[in-house]
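Just so you know, the sequences run in chain order U and E. Mapping to this note's numbering: the first sequence position 79 is 425, numbers consecutive. Mapping to this note's numbering: the second sequence position 59 is 69, numbers consecutive. In what follows, a structure is listed as structure tokens, so that the remarks can point back to it.
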Amino acid sequence: MASQFPDRIERTVTLSRPPRDVWQALTTADGLSAWFGEQASIDLRPGGAATMTFAGGMTVDMRVERVEEPAVFAYTWRLPDLPDDDPRRTYVEFTLEPDGDGTLLRVVETGFAQLPVETRRESYDSHSEGWTRELAELAAHVDGA
Amino acid sequence: MAPDLEAIAEQVFVALADPTRRAILAALATDGPSTATDLAARLPITRQAIAKHLALMADAGLITPEPGERRRVRYRLRSAPVQVAQQFLAALANDWDNRLDALQTHLATP
């Protein structure tokens, strides 16, 4: 059977503003906090740090990866449900193309099917106490569904 | 690698679909490694039923047996398969549709 495990999310939307406006919304703290999170900070350069705080108070650390104004902006971040010390990250890339007076924006997020922890099984098992909360939350999530 | 991830995630979801196995996994998560007898004392399930589910979940790699006191086998949660399932759920929960709607609304605001 072909794998159903989702590795990639891709969306394309048409926006009414030109790429320079969309670029501001994607790459500035003011822009990001207006539509993405409640609060944002960003050091806009490859390797720069960024953070996003969502409603409810969760803050996600991000790392800026590509800054090619006004065409490509990319970052990596942790999967929101993984513990703080989990090194796996997904890669998010925005591509902006002029489309008449507006912008064709494509977002691609990849890396959900990263090879996990089998090879690091022992070190993970030695920290298993730290994972119990995560499983309880998953179980509660499934229970509540 | 992907088919392996698929199989691992499926085992987690199959395990969690059963209320008895959920109760056993939740008990192991809450209280740490336990024997079938420990679990029977804590859960309203017979020791025989618990032993059957423990064997099934050990085969699936969700828990791992280890030597306990007085030659009793204790079972310990393995977090790795659950992390794979979490990645599957993360892709489902990653809500770009609503985010991009919010971006469109933001940019349409003068």
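Ideal Cβ placement from N, Cα and C applies to all residues, glycine included. On a predicted model such as this, the values are computed, not experimentally measured, just so you know.
- Annotation: U/I388 has no Cβ neighbours in chain E at a cutoff of 9 angstroms; minimum Cβ distance is about 16 angstroms.
- The beta carbon of U/L442 sits closer than 7 angstroms to those of P365, V368, W369, P416, A417, T449, L451, all from its chain and outside the five residues before and after it, given in chain order.
- DSSP places E/L35 within a helical segment (H, G or I) once states are collapsed to three.
- Non-local C-beta neighbours of E/D111 in its own chain, meaning closer than 8 angstroms and more than five positions away in sequence, are absent.
- Comparing alpha-carbon positions, the option among E/R31, E/E20, E/A17 lying closest to E/L87 turns out to be E/R31.
- Of all residues in the region 102-114 of chain E, those with a C-beta nearer than 9 angstroms to a C-beta of chain U are L102, A103, N104, W106, D107, R109, L110, D111, A112, L113, Q114, reading in chain order.
- Between U/W381 and U/D407, the C-beta spacing is not below 8 angstroms.
- The contact set of E/H116 on chain U, defined by CB atoms closer than 7 angstroms, consists of A371, A380, W381 in chain order.
- Annotation for E/T45: G78, R82, R84 place their beta carbon closer than 6 angstroms to its own, counting only its chain and skipping 5 residues before and after.
- Counting along the chain, the unbroken beta strand (DSSP E) around U/L451 starts and ends at 448-456.
- Residue pairing from DSSP places U/V359 in a beta bridge opposite U/L451.
- Contact annotation, E/A100 with U/F351: C-beta distance approximately 11 angstroms; criterion of less than 8 angstroms not satisfied.
- Put simply, the CB of U/P352 is near chain E, with a gap under 8 angstroms to one of its CB atoms.
- If you draw a 10 Å sphere on the C-beta of U/G446, you find fewer than 16 other C-beta atoms in it, and that means exposed.
- The three-state reading of DSSP puts U/F351 in coil, since its state is none of H, G, I, E or B.
- Pairing E/A37 with E/R57 gives a Cβ-Cβ distance that is not under 8 angstroms.
- For E/Q114, no pairing in a beta bridge is given by DSSP.
- E/I60 sits in a helix when the DSSP states are folded into three classes.
- In the three-state reduction of the DSSP assignment, U/Q385 falls in the strand class, which pools E and B.
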